[in-house]
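Report on one structure; see the data block that follows.
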Ligand code: ADP
Ligand code: MG
Ligand code: MG
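Written as structure tokens, this is what we have:
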């Protein structure tokens with residue numbers, strides 16, 4: 001049983017006008033096997049939460065703690081966070097020209113596992129997981145993220161999850177840019193990863209549609225840089241009906 005604890009987290013983003021406080025005291029505990037959904041309006045600070053935990057240089061944690069089994073995540077390098085069992089999609093580079101997916105994934109697996117996976121087993125493993133995610137074989141030879149569509153990037157994220165098997169995964173807007181079929185495949189990938197590895201998942205999203213495929217144990221409403229309400233799936237259903245109006249005090253602009 002592993003635990004990821006976010007305690008009274010405050011964080012600021014660096015802007016041209018100086019630091020701007022975005023996170024205003026986030027408290028959340030995720031245990032092995034639990035799926036938590038964080039839902040909130042645009043601009044409420046959801047991505048800032050994942051960047052702050054990932055250690056993105058533009059986001060400064062001004063107070064609070066993030067602990068993985070009691071270890072201070074915020075003092076770890078990005079590599080150490082991965083080795084400790086934390087997966088954050090954005091901790092990986094956006095595009096790596098000249099590095100094939102299969103090499104990139106093997107390097108990542110070597111770093112996380114502490115030894116290089118045996119090549120023959122590795123090739124089989126990658127093939128199997130790619131097939132599960134409906135990813136074509138030629139994908140393995142393409143450069144990392146180069147020219148990937150939105151949907152391909154998301155499948156790549158889930159492929160990493162299924163190969164690296166982190167204890168905790170923070171997935172930001174995993175549903176954006178996916179058509180219905182891709183959404184189903186990606187969701188099944190998240191469900192399989194979570195149940196096979198007894199992993200904890202923090203699923204950050206603006207829309208309720210992914211929750212038709214992934215059933216969270218807990219739903220949290222995020223507004224104004226913090227969690228303002230927590231509940232079960234019924235909370236997501238309520239959000240689908242009435243949106244975030246109640247939490248931000250005004251209707252969302254049509255997008
Ligand atoms: P969400 O993911 O919920 O849509 P974000 O975390 O992306 O929200 O953004 C929260 C707030 O922080 C917004 O007001 C946004 O404009 C601001 N913000 C985020 N990143 C930056 C940045 N790099 N520079 C300036 N402002 C930013
Ligand atoms: Mg946004
Ligand atoms: Mg966002």
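Residue numbers (full-length UniProt numbering): 1 to 255. Each residue gets a CB set at the ideal place from its N, CA and C atoms; glycine is no exception.
Please state whether DSSP places residue i in a helix, a strand or coil.
| i | result |
| --- | --- |
| residue 214 | coil |
| residue 21 | strand |
| residue 200 | strand |
| residue 115 | coil |
| residue 151 | helix |
| residue 63 | strand |
| residue 86 | strand |
| residue 240 | helix |
| residue 181 | helix |
| residue 12 | strand |
| residue 6 | strand |
| residue 100 | strand |
| residue 133 | coil |
| residue 191 | helix |
When we look at the beta-carbon of residue i and count the other beta-carbons within 10 Å, is it buried (16 or more) or exposed?
| i | result |
| --- | --- |
| residue 59 | buried |
| residue 220 | buried |
| residue 173 | buried |
| residue 82 | buried |
| residue 118 | exposed |
| residue 121 | exposed |
| residue 169 | buried |
| residue 130 | buried |
| residue 207 | exposed |
| residue 201 | buried |
| residue 137 | exposed |
| residue 101 | buried |
| residue 275 | Summary: the structure shown does not reach residue 275, with the chain confined to residues 1 through 255, and so no result is reported for it. |
| residue 187 | buried |
| residue 113 | exposed |
From the DSSP output, read off the bridge partner residues of residue i.
| i | result |
| --- | --- |
| residue 34 | Beta-bridge pairing links residue 34 to no other residue. |
| residue 220 | 38, 230 |
| residue 172 | 204 |
| residue 73 | Paired residue(s): none; residue 73 is not in a bridge. |
| residue 68 | 4, 71 |
| residue 29 | 5 |
For residue i and residue j, what's the separation of their Cα atoms in angstroms?
| i | j | result |
| --- | --- | --- |
| residue 96 | residue 48 | 24 Å |
| residue 247 | residue 32 | 29 Å |
| residue 75 | residue 238 | 38 Å |
| residue 22 | residue 198 | 32 Å |
| residue 68 | residue 3 | 6 Å |
| residue 116 | residue 159 | 18 Å |
| residue 269 | residue 181 | With the chain covering 1 to 255 only, the question about residue 269 has no answer from this structure. |
| residue 15 | residue 40 | 22 Å |
| residue 1 | residue 34 | 11 Å |
| residue 19 | residue 13 | 6 Å |
| residue 73 | residue 194 | 21 Å |
| residue 214 | residue 244 | 21 Å |
| residue 17 | residue 209 | 36 Å |
Just checking residue i against ligand 5 - is the residue's beta carbon closer than 7 Å to any of the ligand's heavy atoms?
| i | result |
| --- | --- |
| residue 172 | This structure lacks ligand 5; the ligands present are ligand 1, ligand 2 and ligand 3. |
Could you please go through the chain and list the residues whose beta-carbon is closer than 5 Å to any non-hydrogen atom of ligand 1?
13, 15, 22, 42, 43, 44, 45, 46, 47, 48
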